[in-house]
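Colleague: Line by line, the protein sequences are chains E and C. The first sequence begins at 1 in our numbering and counts up by one. The second sequence begins at 1001 in our numbering and counts up by one. Please read through the structure below; I'll follow up with questions.
2 protein chains.
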Amino acid sequence: MISNKAKYAFRAMLAIAAQEEGDALTSTEIARRHGIPHKFLEQILLDLKKAGILESRRGKTGGYVMLRPADTISFGEVLRLFEGPLAPLPCLSRNAYRRCEDCVSESSCEIRREFGRAYDLYRQVLDSTTLGDALRNRDNPDFRREERAAG
Amino acid sequence: MISNKAKYAFRAMLAIAAQEEGDALTSTEIARRHGIPHKFLEQILLDLKKAGILESRRGKTGGYVMLRPADTISFGEVLRLFEGPLAPLPCLSRNAYRRCEDCVSESSCEIRREFGRAYDLYRQVLDSTTLGDALRNRDNPDFRREERAAG
DNA sequence: CATATCCCTACTAAATAGATAGAGATAATG
DNA sequence: CATTATCTCTATCTATTTAGTAGGGATATG
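Written out as structure tokens, the structure reads:
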């Protein structure tokens, strides 16, 4: 299960990305809409800003806007930001590779091999799906992704 | 990342399943081979026994043997036993479905939709790969699974 | 009866999750 | 220029989970 923190981050980013271009959204408004504890959300938005994903404006007409386009931000990137490596085993992570302490041989590890097969597919979807995709897909729920990739 | 507990469970089961038919393996021997804390491993093996996966013999010539054939035990089943639901969101779990507390509409939830696509693939691999598969695959590392499924 | 095994329960230390709290910085507005 | 609504930053707190440790008890063999 992903953490509440990560889920809140997704909800917030989708809300911000769905705004009209240049229109800022406040943390108060996002918290109200989605029932997220306000101070907790502020921390999350701050993390997203520090990661270079959001931009903020302070003061009375302040709020948050996207810094990068929604189509350049993948689910995988956001998830990693809040949860660390996505891989089920440290030896399967590309960004945060570590050998298992008790590892005898990676190439002959059955656990690594079978989890690797499963994780490859999982990662590939999350790293290739962007917030932009998610926003477009919500308008056509039965949309088949394969068709778009081909088009 | 999966827990050490689950990883130890996999190592133990693969070791037991690799034994000659009816040949018991002791917790002491498994712990020694894989550098697993012995008392911790005992708890794990007990869980596997209670789940009806392993059988045990007590006394001086005791140890553990498989109760069910290795080909009937999937990675998904073992993982769920030690980690609970595999799904990234409670609303995506089949065995332990729960609605998100802040859910407005599942069918229009972008997070659910995109994670659902990724998770479906992950789950399908883990639920269709058995300990038996893993043991056979270790002898032919470049084995393509698709071929076997077709045969 | 000594010993090697499995069986069972309780406990603990460290890390993580999920916030809560409070004060500061900044910008608009009357 | 004071008020107010924002974002910014750091510290703290509580509950849960993880990863064991500990200490027996039950049972089978020689």
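Where a beta carbon is used, it is the ideal one built from N, C-alpha and C, also for glycine. On a predicted model such as this, the values are computed, not experimentally measured, just so you know.
In its own chain, which residues sit with a C-beta less than 6 Å from the C-beta of residue 70/E, not counting the 5 before and 5 after it?
Modeller: If we look at residue 70/E and ignore the five residues flanking it on each side, its Cβ neighbours are 17, 131 and 132.
Colleague: Applying the 10 Å Cβ sphere with the 16-neighbour rule, what's the burial state of residue 7/E?
Modeller: Counting Cβ neighbours within 10 Å, residue 7/E comes out buried, since at least 16 surround it.
Colleague: I'd like to confirm the pairing. Which residues does DSSP put opposite residue 1066/C in its beta bridges?
Modeller: Paired residues: 1054/C.
Colleague: Report back the beta-carbon spacing between residue 46/E and residue 12/E to the nearest angstrom; my notes put them in contact at under 8 Å.
Modeller: With a Cβ gap of about 11 Å, residue 46/E and residue 12/E do not count as contacting.
Colleague: How about the stretch 1117 to 1131 of chain C and the stretch 103 to 122 of chain E: do they share at least three Cβ pairs that are nearer than 8 Å?
Modeller: Yes, the stretch 1117 to 1131 of chain C touches the stretch 103 to 122 of chain E.
Colleague: Thinking just about the alpha-carbon of each residue, which of 1103/C, 1104/C and 1086/C is nearest to the one in residue 1096/C?
Modeller: Residue 1086/C is the option with its Cα nearest to residue 1096/C.
Colleague: Note down, in chain order, each residue of its chain lying with its Cβ closer than 7 Å to the Cβ of residue 44/E, except the 5 sequence neighbours on either side.
Modeller: Cβ neighbours of residue 44/E beyond the five flanking positions: 5, 8, 9 and 12.
Colleague: Using a Cβ-Cβ cut-off of 6 Å (strictly less than) and excluding sequence neighbours within five positions of residue 56/E, which residues of its own chain qualify?
Modeller: Cβ neighbours of residue 56/E beyond the five flanking positions: 49 and 64.
Colleague: What residues are listed by DSSP as bridge partners for residue 1130/C?
Modeller: Beta-bridge pairing links residue 1130/C to 1074/C.
Colleague: Could you spell out where the alpha helix (DSSP H) holding residue 27/E opens and where it closes?
Modeller: Residue 27/E -> alpha helix (DSSP H) spans 27 to 34.
Colleague: Under 7 Å between beta-carbons, which chain C residues line up against residue 102/E? List them in chain order, please.
Modeller: The answer, in chain order, is 1034 and 1035.
Colleague: Quick check on DSSP: helix, strand or coil for residue 1091/C?
Modeller: Correct three-state label for residue 1091/C: helix.
Colleague: Does any residue of chain E have a CB that is nearer than 9 Å to the CB of residue 1011/C?
Modeller: Closer than 9 Å to some Cβ of chain E, the Cβ of residue 1011/C qualifies, so yes.
Colleague: In angstroms with no decimal places, state the Cα-to-Cα distance between residue 108/E and residue 76/E.
Modeller: The straight-line gap from Cα to Cα measures roughly 28 Å.
Colleague: Counting only C-beta atoms, is residue 1061/C closer than 9 Å to chain E at any point?
Modeller: Chain E, which has no Cβ nearer than 9 Å to the Cβ of residue 1061/C, makes this no.
Colleague: Between residue 88/E and chain C, is the shortest Cβ-Cβ distance under 9 Å, so that the two count as touching?
Modeller: Yes, its Cβ sits closer than 9 Å to a Cβ of chain C.
Colleague: Under 8 Å Cβ to Cβ from residue 1091/C, same chain only, skipping five residues before and after it: list those, please.
Modeller: Cβ neighbours of residue 1091/C beyond the five flanking positions: 1097, 1098, 1099, 1100, 1103, 1106, 1109 and 1112.
Colleague: Going by DSSP in three states, residue 1046/C sits in which element: helix, strand or coil?
Modeller: It is helical.
Colleague: Please classify residue 1058/C as buried or exposed, where buried requires at least 16 neighbouring CB atoms within 10 angstroms.
Modeller: With fewer than 16 other Cβ atoms within 10 Å, it is exposed.
Colleague: What's the C-alpha gap between residue 962/C and residue 1062/C?
Modeller: The structure shown does not extend to residue 962/C, since chain C spans only 1001 to 1151, so no value can be given for it.
Colleague: Shorter than 9 Å from the beta carbon of residue 1027/C to some beta carbon of chain E?
Modeller: No, no contact with chain E.
Colleague: Answer with yes or no whether the minimum CB distance from residue 54/E to chain C is below 9 Å.
Modeller: By this cut-off, residue 54/E is not an interface position.
Colleague: Output yes if chain C places a C-beta closer than 9 Å to the C-beta of residue 75/E; else output no.
Modeller: Yes, its Cβ sits closer than 9 Å to a Cβ of chain C.
Colleague: Hey, does residue 138/E have any beta-carbon neighbour from chain C nearer than 9 Å?
Modeller: Answer yes: the Cβ-Cβ gap between residue 138/E and chain C drops below 9 Å somewhere.
Colleague: Is the Cβ of residue 1/E closer than 9 Å to any Cβ of chain C?
Modeller: Closer than 9 Å to some Cβ of chain C, the Cβ of residue 1/E qualifies, so yes.
Colleague: Give me the residue from 1129/C, 1028/C and 1088/C with the minimum Cα distance to residue 1001/C.
Modeller: Ranking the options by Cα distance to residue 1001/C, first place goes to 1088/C.
Colleague: So if I threshold CB-CB distances at 8 Å, which residues from the stretch 1091 to 1119 of chain C count as touching chain E?
Modeller: Listed by position along the chain: 1100, 1101, 1102, 1107, 1108, 1110, 1111, 1113, 1114, 1115, 1117, 1118 and 1119.
Colleague: Residue 1070/C CB to nearest chain E CB: under 9 Å?
Modeller: So, not an interface residue.
Colleague: Put residue 1110/C into one of helix, strand or coil per three-state DSSP.
Modeller: Residue 1110/C falls in the helix class under three-state DSSP.
Colleague: Less than 9 Å between the beta carbons of residue 33/E and residue 15/E, yes or no?
Modeller: Yes, these two residues count as a Cβ contact at 9 Å.
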